Amino acid sequence: MTKNPQKTAVSKKAKQKNKWSKLNHWLHLWLGLSSGIIVFIVAFSGILFIFCDDIIDGLAYNSLYVEEVKEKKLTPEEILKSFKQQFPDRKASYYINYRDPERTIKLASSTKDRDLQFSWIDPYTGIVLYSGKAYDFFYIVAHVHSGEMPFGKTGNLIVEISVWIFLIELITGLILWWPKKWNSSTKKQSFTIKTSASFKRLNYDLHNVPGFYNLLPALLITITGLIIVNKPLGAAAHKIFGGAPKSYSKLRDMKPEYDNTKTYAPLSPIIEKLFAKDKTIEQVKLSVASKDSITAIFAVAAEDIGLKGVENGKTFAINRYTGQEMEIPVNVMNGLAIDDWTMNLHIGFWAGWIGKTLTLLVGLICTALPVTGFIIWYGRNNKKKNGPLT
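In this text, residue positions in the sequence shown follow the numbering used here: the first is -3, and each later residue adds one.
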């Protein structure tokens, strides 16, 4: 009896397909189990950070605005001097000025042992109205998110590897989710959560269904995160979009030669010029030169400035002797813009409350996926005790 060549070919294809299906399932299971706890920590710390600016300002709510708008504000030099008198052990790093005359100045500072805080200062009197430690808390959260706390560069590497694994998990998860046949029954099972089912079935649906709906935004957050932490990937992104890698470092290298016979230009006209550039600019952030030998200051003029995100903003390098802008190479400016957009997309800063809320939902699902996935694995290894999915 001769074999049917058509049936043999179909059988080989089926075996090959089954082989790849098993490999995909194995990868999804064991990569997920090996990286689950790290992914959970990274995702959870990420969602804590999303509304950091709103929480920081919310805690200082009574100090965001002055009680009385006076005829003239103090100069930035006078503000910095007043702050130093009130907090002699602290070093100012930058401050944010607001177009709104009722807003107080927001100043970031630190001590020698890295105790970070924001202070809100009345621009008419120089009095510090409130200082809070939320800045320090979110600094820690951000460094837990990156893995730098508590393991330094080793932690960075562990987190990066786990994020690469999570990227593979998203792809293998989509393959596992994809129904073998599309009909009314498989569509209902793939796109809806059976809330009346047993705990095992409910958990299974909570892993699969939100995981599918979350796929594209989770990919966006994962890829932007990798661009931020992975040097070759970051360099590739800058090359594609015409930016210079390590653009901020290149910007910091731009400075006039130090001359101790020259005096520095006043800061108030610099701030006024930046506000005058565009009516949409609501905030101007200026770095504070920690030494007299630092000959350039760096500014950001934007609609909104957060700890990490910048909305509709532009960076400037200012010659401290002349108070004039220094020309920044186009590729460095492009690099800064790429870095800003990458960060904005990663933390949800791209569309105000809407972007943050969507990123929060995505982050919550990403945080839940390792948990629900572990419960599925644990349940399947205890089938006899718990019974089948219903």
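Each residue gets a CB set at the ideal place from its N, CA and C atoms; glycine is no exception.
Keep in mind that this is a model prediction, so the values were computed, not measured.
Residue environment, residue i, which counts as buried when at least 16 other CB atoms sit within 10 Å
i: residue 375; result: buried
i: residue 307; result: buried
i: residue 311; result: buried
i: residue 316; result: buried
i: residue 209; result: exposed
i: residue 146; result: exposed
i: residue 195; result: exposed
i: residue 79; result: buried
i: residue 175; result: exposed
i: residue 202; result: buried
i: residue 350; result: exposed
i: residue 159; result: buried
i: residue 162; result: buried
i: residue 17; result: exposed
i: residue 336; result: buried
i: residue 114; result: buried
i: residue 177; result: exposed
Contact check, residue i vs residue j, beta carbons under 7 Å
i: residue 27; j: residue 165; result: yes
i: residue 223; j: residue 338; result: yes
i: residue 286; j: residue 293; result: no
i: residue 252; j: residue 276; result: no
i: residue 77; j: residue 92; result: no
i: residue 234; j: residue 334; result: yes
i: residue 297; j: residue 270; result: yes
i: residue 205; j: residue 189; result: yes
i: residue 355; j: residue 344; result: yes
i: residue 328; j: residue 246; result: yes
i: residue 23; j: residue 150; result: no
i: residue 153; j: residue 131; result: no
i: residue 100; j: residue 75; result: no
i: residue 128; j: residue 229; result: no
i: residue 126; j: residue 59; result: yes
i: residue 303; j: residue 48; result: yes
i: residue 263; j: residue 84; result: no
i: residue 199; j: residue 371; result: yes
Terminal residues of the beta strand (DSSP E) in which residue i lies
i: residue 117; result: 113 to 117
i: residue 89; result: 87 to 94
i: residue 47; result: Note, residue 47: premise wrong, no beta strand (DSSP E); not H, not E.
i: residue 105; result: 101 to 106
i: residue 388; result: The structure shown has nothing for residue 388, since the chain only spans -3 to 386.
i: residue 247; result: Residue 247 -> not in any beta strand (DSSP E); alpha helix (DSSP H) instead, spanning 243 to 248.
i: residue 281; result: 279 to 283
i: residue 125; result: 124 to 128
i: residue 312; result: 310 to 315
Residue range of the unbroken alpha helix (DSSP H) whose run includes residue i
i: residue 183; result: 180 to 187
i: residue 227; result: 227 to 236
i: residue 59; result: Unbroken run through residue 59: none, as it is neither H nor E.
i: residue 328; result: 326 to 343
i: residue 150; result: 144 to 173
i: residue 355; result: 348 to 376
i: residue 207; result: 195 to 209
i: residue 176; result: Element bounds for residue 176: n/a, residue is neither H nor E.
i: residue 272; result: 264 to 272
i: residue 320; result: Per DSSP, residue 320 belongs to no alpha helix (DSSP H) and is neither H nor E.
i: residue 79; result: 72 to 82
Other residues of its chain near residue i: CB distance less than 6 Å, five sequence neighbours each side excluded
i: residue 254; result: 289 and 291
i: residue 42; result: 141 and 359
i: residue 366; result: 32, 35 and 36
i: residue 66; result: 120
i: residue 361; result: 206 and 210
i: residue 186; result: 175
Residues near residue i by beta carbon distance below 7 Å, same chain, minus five either side
i: residue 87; result: 105, 106 and 286
i: residue 69; result: 119 and 120
i: residue 183; result: none
i: residue 90; result: 104, 281, 282, 283 and 284
i: residue 305; result: 339, 340, 343 and 345
i: residue 138; result: 45
i: residue 231; result: 241
Whole-angstrom C-beta distance between residue j and residue i, which should lie under 8 Å
i: residue 358; j: residue 213; result: 4 Å
i: residue 373; j: residue 25; result: 6 Å
i: residue 143; j: residue 240; result: Between residue 240 and residue 143 the Cβ distance is about 26 Å, and since that is not below 8 Å, they are no contact.
i: residue 98; j: residue 62; result: 6 Å
i: residue 318; j: residue 261; result: 6 Å
i: residue 38; j: residue 155; result: 6 Å
i: residue 249; j: residue 278; result: Rounded, the Cβ-Cβ distance is 30 Å, inconsistent with contact.
i: residue 40; j: residue 363; result: 5 Å
Any non-hydrogen atom of the ligand ZN closer than 6 Å to residue i Cβ
i: residue 211; result: For the structure depicted, the ligand ZN is absent and the ligand set is empty, with no information on it obtainable.
Any C-beta of chain C under 7 Å from that of residue i
i: residue 207; result: Absent from the structure is chain C; it holds one protein chain and no more.
Contacts around residue i, its chain only, beta-carbon distance under 8 Å, and the 5 residues preceding and following it disregarded
i: residue 258; result: 317
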